[in-house]
Amino acid sequence: MPEEYAKPLPVPDEESQPFFDAAREGRLLIMRCKSCGAYRYPSRDRCDVCWSTETAWVQASGRGTVYTFGIMHQLYHPGFKEEIPYNVAVVELEEGPRTYTNLVGIPNDQIRVGMPVEVVFEKLTDEITIPKFKPAS
Amino acid sequence: MATNGLTMRGRAAIAGLGITEMGRIYGHDASWFAGEAIRLAVEDAGLTKDDIDGLLINAGITNGLTLALQTYLGLQKLRLLCQMNAAGSTAAQMVQYAAFAVTHGLANYVVCVFADAPLQQNRSAGAAYGGQRRPAGMASLTSAYGLFGANASYALAARRHMALYGTTHDQLGQIAVSTRLWATMNPRAQMREPITLEDYHASRWIMEPLHLLDCCLVSNGGVAVIVTTAERARDLKQPPVYIWGMGQGHHAPAVRAGWEPETHTAATIAKEAAFRMAGIELSDIDVLELYDCYTYTVLVTLEDYGFCKKGEGGPFVADGKLGPGGSLPTNTGGGQLSSYYMWGMTPISEAVIQARGQGGERQVPKHDFVLVSGNGGILNYHGTLILGPNPA
C-alpha cells in the first residue's frame with residue numbers, strides 16, 4: 000500500500016480542474032481575460048482589470064523570476080516536519096501574474112530575489128501534480 | 000457643497016479609554032474582555048451605561064465578538080450598531096465612522112471596541128495565528144507549498160524590501176530595541192525587559208528574514224474608546240482628545256507585475272486626507288503610534304508617510320531615533336511588539352494616553368499632534384488618525 004501523502008493536498012474545484020488536469024500533463028495553465036487580455040493566477044471567475052467574465056485558459060511559458068522568498072522555520076503542519084527549514088517563494092511569471100511556490104534544485108542560502116526560474120512539476124498523488132520552480136537552465 | 004474634509008477638523012473627540020489586563024489572562028472570552036474594556040471606558044469618561052447610544056465592534060482572530068455583544072451588555076436602545084472588519088485598520092476606521100455619526104446626529108456617545116482571547120493555556124502563541132485555512136481550488140495550493148499564517152506573508156514582504164533597498168537585520172532589529180525601551184516604562188506592557196541587538200540576532204527564526212523579535216505579541220484583552228462631539232467631550236471627566244484628521248487607503252494584494260503593496264503601502268493614500276483635514280504638515284507630528292505587527296511594518300509605514308524617502312527606512316531608524324529621547328518618538332507604550340497586541344487599538348490607546356499627557360514616565364513632553372496608523376492584511380488596508388489635546 001503506497002504511503003499516504005502527508006502534506007496538505009490541493010483540492011481542485013470545478014473552476015480550477017483544467018489547471019490541475021494540465022499540471023498532471025506537465026503544462027502550466029494561467030487564465031487570460033478574453034476581453035482585455037490581462038493574465039491572472041490563480042483562477043478567478045471575473046477579470047479584476049476589466050470585470051469581464053469571458054475567460055480562457057492559456058499555457059504559460061513557465062519562465063519567471065523570484066519576486067521574493069522566505070525560509071520557514073515554524074511548523075504549522077506535521078507534514079512539513081522533515082523539511083524544516085524549507086523555502087516558500089513568490090515567482091513573477093513572464094506573463095505578469097505572481098504565484099506562491101517552492102523553489103527546488105537550489106540550496107536555500109543561494110536563493111536570490113530576481114533570479115530567473117522555470118517551472119517543474121511535482122507529482123503528489125495520482126490525481127494531484129503541482130508546479131514548482133527551479134533555477135533557469 | 001465642497002467637502003474637502005475641513006468641516007470635520009476637530010469636531011469629534013475621544014472622551015473615554017478602557018484597557019483591560021493584557022496577555023496570558025485565562026478564563027475569559029472575548030465578550031468578557033470587551034465588556035470589561037467598555038465598562039472601564041465609560042467610567043474613564045465619567046459617563047454611565049445609559050449614555051451609550053452607539054456601539055461599533057471589531058472582533059479579532061478568533062471572531063469572538065458578534066452583534067450579541069449588545070445583548071451581553073444590555074444596551075437596549077442603541078441608535079448606532081455595527082460589527083466592522085477591515086482587519087488591522089478597523090479600529091482607526093471605527094473611530095472615523097463614529098466621528099461622522101456623532102457630528103451628524105446619529106448618536107451622542109459611540110463606543111468602539113476590540114477584544115480577543117486567542118491565547119489558551121498550554122498552547123503556543125504562534126498556534127493562535129497559524130491560519131490553517133483549507134480553501135478549495137487554486138487557493139488550496141498555498142498550504143501545499145507550506146505557506147501558513149501572517150508571519151510568512153510579512154517575511155516575504157520584508158525580504159522584498161531588503162532585496163530592493165538593502166535594508167538590513169541590524170536596522171529592523173533597532174526598531175525592536177527602540178520599541179522595547181519604551182515598553183520598559185509601560186506598566187501594562189507584556190515585555191518589559193530591555194533587549195539588545197545581540198538578543199535580536201540570537202532570537203530564533205520564525206520565517207527568514209523574520210526573527211522572533213521582529214514579530215508582535217499575541218494578547219488576550221480588550222480596548223474600548225468612546226467617541227463624542229468636541230462640545231460634549233469638554234463637559235466630561237477626561238481632557239478631550241480631538242480628532243484633527245482622518246483618512247483611509249486600501250491596496251489590493253500584489254497579484255501581478257507592476258504592483259507592490261508589500262513595499263508601497265496605501266498609507267500614501269490615507270495620509271493625504273488626514274493631513275489635509277488636519278491642516279498640518281508632517282513636521283508638526285510630535286508622537287507616532289504606528290501599527291507594528293512586525294518591525295518591518297514600522298519601517299515601511301515611516302517611508303510611506305514621508306518621514307524618509309522610499310527605501311531609506313533602514314538607515315533612518317538605525318540611530319535609534321524612534322526610542323526614548325529620540326527625535327521621532329514612536330510606539331511610546333511599547334507597541335504591538337512589546338506591550339500588547341490589540342490590533343488597531345494598540346496604537347489608538349497609546350495615542351490617547353500621550354495626547355492627554357497621561358504617559359507618566361514615558362510621556363513625550365510635546366504632544367500637540369499624535370499620528371495613529373492602522374494596518375491590515377499584508378500591508379493592504381490602512382487607516383490614519385491625527386489626534387491632539389488642543390481644540391481645532
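Those sequence lines, one after another, are chains A and B. The opening residue of the first sequence carries number 0 in numbering that gives the first Met the number 0; numbering runs sequentially from there. The opening residue of the second sequence carries number 0 in numbering that gives the first Met the number 0; numbering runs sequentially from there. Glycine included, each C-beta is placed from N, C-alpha and C at the ideal position. Computed from a prediction, not measured in an experiment: that's the story for all the values here.
Sub-7 angstroms separation of residue 90/A and residue 63/A beta-carbons: Cβ distance < 7 angstroms, so residue 90/A and residue 63/A count as in contact.
Let me check understanding here. Comparing Cα to Cα, which of 22/B, 30/B, 41/B and 24/B lies closest to residue 227/B? In this structure, 41/B is the residue among 22/B, 30/B, 41/B and 24/B with its C-alpha nearest to the C-alpha of residue 227/B.
With a 10 Å radius around its C-beta and 16 neighbouring C-beta atoms as the bar for buried, classify residue 5/B as buried or exposed. Exposed, because fewer than 16 other Cβ atoms sit within 10 Å of the Cβ of residue 5/B.
Residue 216/B (DSSP reduced to helix, strand or coil): In the three-state scheme derived from DSSP, where H, G and I count as helix and E and B as strand, residue 216/B is classed as coil.
Could you tell me which uninterrupted alpha helix (DSSP H) segments, each at least 4 residues in length, are contained entirely in the segment 126-157 of chain B, listed from first to last along the chain? As far as the segment 126-157 of chain B is concerned, its whole alpha helix (DSSP H) runs of at least 4 residues are 140-143.
Taking a cut of 9 angstroms between CB atoms, which residues from the segment 117-151 of chain B lie near chain A? Flagged, chain order: 125, 126, 129, 130, 131, 133, 134, 135, 136, 137, 138, 139, 140, 141, 142, 143, 144, 145, 146, 147, 148, 150 and 151.
Taking C-beta pairs closer than 8 angstroms, name the residues in chain B that residue 28/A reaches, listed in chain order. Around residue 28/A, no beta-carbon contact reaches into chain B at under 8 angstroms, the shortest distance being about 10 angstroms.
Put residue 313/B into one of helix, strand or coil per three-state DSSP. DSSP places residue 313/B in helix when its eight states are reduced to three.
Tell me where the alpha helix (DSSP H) around residue 30/B begins and ends. Its alpha helix (DSSP H) spans residues 29-44.
Locate the beta strand (DSSP E) running through residue 50/A, then write down its first and last residues. Taken as a continuous stretch (DSSP letters only), residue 50/A belongs to no beta strand (DSSP E), as it is neither H nor E.
Tell me whether residue 1/B sits in a helix, a strand or coil according to DSSP, three-state version. For residue 1/B, the predicted structure reports a pLDDT of 48, less than 50, and the residue's modelled location is therefore unreliable. The matter cannot be settled from this model.
With distances taken Cα to Cα, identify the nearest neighbour of residue 105/A among 88/A, 94/A and 92/A. Ranked by Cα distance from residue 105/A, the options 88/A, 94/A and 92/A are led by 88/A.
Among the residues of its own chain, which have a CB less than 8 angstroms from the CB of residue 60/B, if the five just before and after it don't count? Taken in chain order, the residues that qualify are 115, 117, 127 and 128.
Going straight from the alpha carbon of residue 297/B to that of residue 174/B, what length do you get? Here the alpha carbons of residue 174/B and residue 297/B stand approximately 8 angstroms from one another.
Say whether chain A places a C-beta atom closer than 7 angstroms to the C-beta of residue 336/B. Output row for residue 336/B: interface = no.
If residue 363/B sits next to residue 283/B, beta carbons under 8 angstroms apart, how far is it from one beta carbon to the other, in whole angstroms? The beta carbons of residue 363/B and residue 283/B sit about 14 angstroms from each other, so the pair does not count as a contact at 8 angstroms.
Beta carbon of residue 47/B, beta carbon of residue 159/B: below 7 angstroms? Their beta carbons are not under 7 angstroms apart, which means residue 47/B does not touch residue 159/B by this criterion.
Looking at residue 347/B: is its Cβ nearer than 7 angstroms to the Cβ of residue 369/B? Contact flag unset, no.
Excluding the 5 residues preceding and the 5 following residue 332/B in the sequence, name in chain order all residues of the same chain whose CB lies nearer than 6 angstroms to its CB. The answer, listed in chain order, is 185, 338 and 349.
Residues of chain A with CB under 8 angstroms from residue 205/B, in chain order? For residue 205/B, the chain A residues whose Cβ falls inside 8 angstroms of its Cβ are 72 and 73, in order along the chain.
Beta-carbon neighbours of residue 254/B, restricted to chain A and to distances below 8 angstroms: Residues of chain A passing the Cβ test: 39, 40, 47, 96 and 97.
Does DSSP put residue 76/A in a helix, in a strand, or in coil? The answer is coil: DSSP assigns residue 76/A none of H, G, I, E or B.
Are residue 44/B and residue 235/B closer than 7 angstroms when you measure CB to CB? Their beta carbons are under 7 angstroms apart, which means residue 44/B touches residue 235/B by this criterion.
Applying the 10 Å Cβ sphere with the 16-neighbour rule, what's the burial state of residue 0/A? Low local confidence applies: a pLDDT of 43 at residue 0/A is under 50, so the model's placement there is unreliable, with the coordinate-based value given in what follows. Exposed.
Let me know the secondary structure DSSP gives residue 320/B once reduced to three states. Looking at residue 320/B - three-state DSSP - the assignment turns out to be coil, as it is neither helix nor strand.
Whether residue 276/B touches residue 8/B by CB criterion (7 angstroms): Contact: yes.
Proximal chain A residues relative to residue 208/B, where beta-carbon distance stays under 9 angstroms: Those within 9 angstroms of residue 208/B in chain A are 69 and 70.
Taking the CB atoms as reference points, tell me whether residue 108/B and residue 310/B lie closer together than 7 angstroms. Between residue 108/B and residue 310/B, the gap from beta carbon to beta carbon reaches 7 angstroms or more.
Among the candidates 103/B, 63/B, 143/B and 101/B, whose CA atom is the shortest distance from the CA of residue 121/A? Proximity to residue 121/A across 103/B, 63/B, 143/B and 101/B peaks at 143/B, based on C-alpha coordinates.
Alpha carbon to alpha carbon, how far is residue 354/B from residue 237/B? Give it in angstroms, no decimals. CA-to-CA, the gap between residue 237/B and residue 354/B works out to about 11 angstroms.
On the DSSP letters alone, give me the boundaries of the alpha helix (DSSP H) that residue 179/B sits inside. Its alpha helix (DSSP H) spans residues 168-182.
Measure the alpha-carbon distance for residue 77/A versus residue 4/A and round it to whole angstroms. Straight-line Cα distance between these residues: approximately 11 angstroms.
Does the ligand ADP have a heavy atom nearer than 6 angstroms to the CB of residue 284/B? Annotation note on the ligand ADP: not contained in the displayed structure, which lists no ligands.
Would you mind listing the alpha helix (DSSP H) stretches within the segment 65-104 of chain B that are 4+ residues and don't spill past its ends, in chain order? Here the runs fully enclosed are 68-71 and 89-102.
N-terminal and C-terminal residue of the alpha helix (DSSP H) that residue 346/B is part of: Residue range 344-355 is occupied by the alpha helix (DSSP H) that includes residue 346/B.
Taking residue 201/B as the query, report the chain A residues whose CB atoms sit under 9 angstroms from its CB, ordered along the chain. The contacting residues do not exist; residue 201/B stays about 14 angstroms from chain A at best.
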